[in-house]
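If you read the sequence shown in numbering that gives the first Met the number 0, its first letter stands for residue 0, the second for the next number, and so on.
In what follows, a structure is listed as structure tokens, so that the remarks can point back to it.
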Amino acid sequence: MYLPDQGFSVEVSPTVRSVLPDPWGWEDRRKWYRDRGVTFAGILTTEGFANVQGGIRRGAIFDGKFEGIVGVDFGRLAGWNGLSLFSNIFQTHGNGGPGRSLINGIDTISNIEALPSIRLSELWLEQRFWEGKASFRIGQLTTDSEFYNSQYFNVFLTSDWPTITAEGLPGGGPAYPLSTPGMRLKLDPTPNHSMLLALFNGDPAGCGTRDPEICNRHGLNFRVKDPPLLIGELQYRRNQDPNATGLASGIRLGAYHHFGTFNDLRFDTLGLSLADPASSGVARRFRGNQGVYAVFDQQFYRPAGGDAFSGITGFLRVGAATSNRNLNDFYLEGGLLSTGMIPGRPLDQIGAVFLYSHISDRARGLDRDQLLFSMQPYPLRNYELSFELSYAASVVPGWTLQPNIQYVIQPSGNIPDPNRPFTTEPIKNALVFGIRSTLRY
0 MYLPDQGFSV EVSPTVRSVL PDPWGWEDRR KWYRDRGVTF AGILTTEGFA
50 NVQGGIRRGA IFDGKFEGIV GVDFGRLAGW NGLSLFSNIF QTHGNGGPGR
100 SLINGIDTIS NIEALPSIRL SELWLEQRFW EGKASFRIGQ LTTDSEFYNS
150 QYFNVFLTSD WPTITAEGLP GGGPAYPLST PGMRLKLDPT PNHSMLLALF
200 NGDPAGCGTR DPEICNRHGL NFRVKDPPLL IGELQYRRNQ DPNATGLASG
250 IRLGAYHHFG TFNDLRFDTL GLSLADPASS GVARRFRGNQ GVYAVFDQQF
300 YRPAGGDAFS GITGFLRVGA ATSNRNLNDF YLEGGLLSTG MIPGRPLDQI
350 GAVFLYSHIS DRARGLDRDQ LLFSMQPYPL RNYELSFELS YAASVVPGWT
400 LQPNIQYVIQ PSGNIPDPNR PFTTEPIKNA LVFGIRSTLR Y
């Protein structure tokens, strides 16, 4: 981000550096690099989860992520004003995450969940122009760093690239933990308005139905020949200035279009159900895939002297996509968050959020066909609904501990339990307890 006092910087705040001893003078070295436009940051997130009910397996797992970040302001380094470089690298470790190992749902349980790997995420150059009111970015990018986001949802473990896009786009789309080459134009004509338009390579892994994290294990595929993904977003916000006294709010309206081809979820090339024994087994193909979304942020209470993130805030994310080629055709997420409202705990946050993913009518129709042609009991998919209650407690500046509880209703929308192959009984509702530690350096 651009800071008035030091240009482009990736340093995080608060940081544990403020409470750690510095016998070797690392802060002086950081200042030397900072004065020349080079900044660094590190974020270590570790967490554990215990699934005590339902899902595909009861038990406990551990996972974590270290993120190393570097930023270069070429204005300070070389006199090229407005040009900056950003890169971040992930080292993910553990058991692969609770969603994959314990629940087998489609909504996010942990937003750092990933297979163990060392992975390049983003690597881009950005040029700012028009007196800082516009910027052009090119390189390896992710969509979820700028699009479809709420300013109030990052504290939640379920805050992630929405299920509707993760399930509907090839490889889950260019979102954590995957990235892909692309370019982005951003205009900020006023302090309250922004417009973003981006074009990405449309498949970050290029491996069809195989696991995209395995196909692009280290983020070095740099694919550029797949059908592209185009996404645009309009933003309006008010009362974001720290000195403002009114309630902060914001609206984001977006749309996306993928130029590839996508399978019909129910019918084959002959117009027969894919569950029909007479079917060719080859799904009908559609050209393109698209969706629209909106994000609403609202501050409900702003304490005296508080900024846009203080007090009581809430958000909604809603999205819709074409039903005949998307597993999820409607997505709704909402949450409430309290920040600094506990006496003597100005940095603590407590909140609750829900995620609702509706299974498309086309996919549900295939389930009905399966029931008809097999004459065997078969569950009908309809939706997945999950809840999170979370409390992020600041231990010292830059270190938070975050216990949380999650409850998942109908994981994956009511599909048969894969660990019970001789029955069609669906995966049972899951109850998950977790704790996360986050260190910012």
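Just so it is clear, CB atoms sit at the ideal spot from N, CA and C, and this is done for glycine as well.
If you're wondering where the values come from, they're calculated on a predicted model, not measured in any experiment.
In this structure, residue 330 keeps its C-beta atom at 9 Å or more from the C-beta atom of residue 173. The Cβ atoms of residue 348 and residue 365 lie no closer than 9 Å to each other. Selection 254, 259, 260, 234 evaluated against residue 248 yields 234 as nearest (Cα-Cα). Between residue 121 and residue 141, the gap from beta carbon to beta carbon is short of 9 Å. Residue 307 is a Cβ neighbour of residue 241, given a cutoff of 9 Å.
Non-local C-beta neighbours of residue 381 in its own chain, meaning closer than 8 Å and more than five positions away in sequence, comprise 357, 358, 363, 409, 412, 413, ordered along the chain.
In the DSSP assignment, residue 211 falls within the alpha helix (DSSP H) that extends over 211-214. Taking 4 residues as the shortest admissible run, the stretch 138-215 contains the following complete alpha helix (DSSP H) segments, listed from N- to C-terminal end: 162-167, 211-214. Beta bridge pairing from DSSP links residue 239 with no other residue. When secondary structure is reduced to three states using DSSP, residue 277 falls in the coil class, being assigned neither helix nor strand.
Three or more Cβ pairs drawn from the stretch 32-47 and the stretch 57-69 lie within less than 8 Å of each other, which places the two stretches in contact.
Assigned with DSSP and collapsed to three states, residue 12 falls in coil, not helix or strand. Within the stretch 64-98, the runs of alpha helix (DSSP H) at least 4 residues long that lie entirely inside it are, in chain order, 73-77.
In terms of CA proximity to residue 386, 405 leads the group 371, 397, 405. Around the beta carbon of residue 224, fewer than 16 other beta carbons sit within 10 angstroms, so the residue counts as exposed. Per DSSP, the unbroken beta strand (DSSP E) holding residue 332 starts and ends at 327-338. Taking a contact to require three or more Cβ pairs closer than 8 Å, the stretch 128-135 and the stretch 98-107 do not qualify as touching. In this structure, the alpha-carbon of residue 317 lies about 30 Å from that of residue 214. Counting the other CB atoms within 10 Å of its CB gives residue 437 a total of 16 or more, which places it among the buried residues. Put simply, the backbone Cα of residue 145 is about 44 Å away from that of residue 376.
Every alpha helix (DSSP H) stretch that sits fully inside the stretch 16-65 and reaches 4 residues is listed by chain position as 25-34. The stretch 298-379 contains, as complete beta strand (DSSP E) runs of 3+ residues, the segments 310-320, 327-338, 348-358 (chain order). With respect to the 9 Å criterion, residue 183 and residue 196 are classified as neighbours on the basis of their beta carbons. DSSP places residue 256 inside the beta strand (DSSP E), whose first and last residues are 248-267. In the DSSP assignment, residue 419 falls outside any beta strand (DSSP E) and carries neither an H nor an E.
The three-state reading of DSSP puts residue 433 in strand, counting E and B together. For residue 395, the pairing in a beta bridge is given by DSSP as 398. DSSP places residue 129 outside any beta strand (DSSP E), giving it a letter other than H or E. Non-local C-beta neighbours of residue 260 in its own chain, meaning closer than 7 Å and more than five positions away in sequence, comprise 284, 285, 286, ordered along the chain. Residue 343 has its alpha-carbon roughly 17 Å from the corresponding atom of residue 311. Under DSSP, residue 404 shares a beta bridge with 388, 432.
DSSP places residue 230 in the strand class (E or B) of the three-state scheme.
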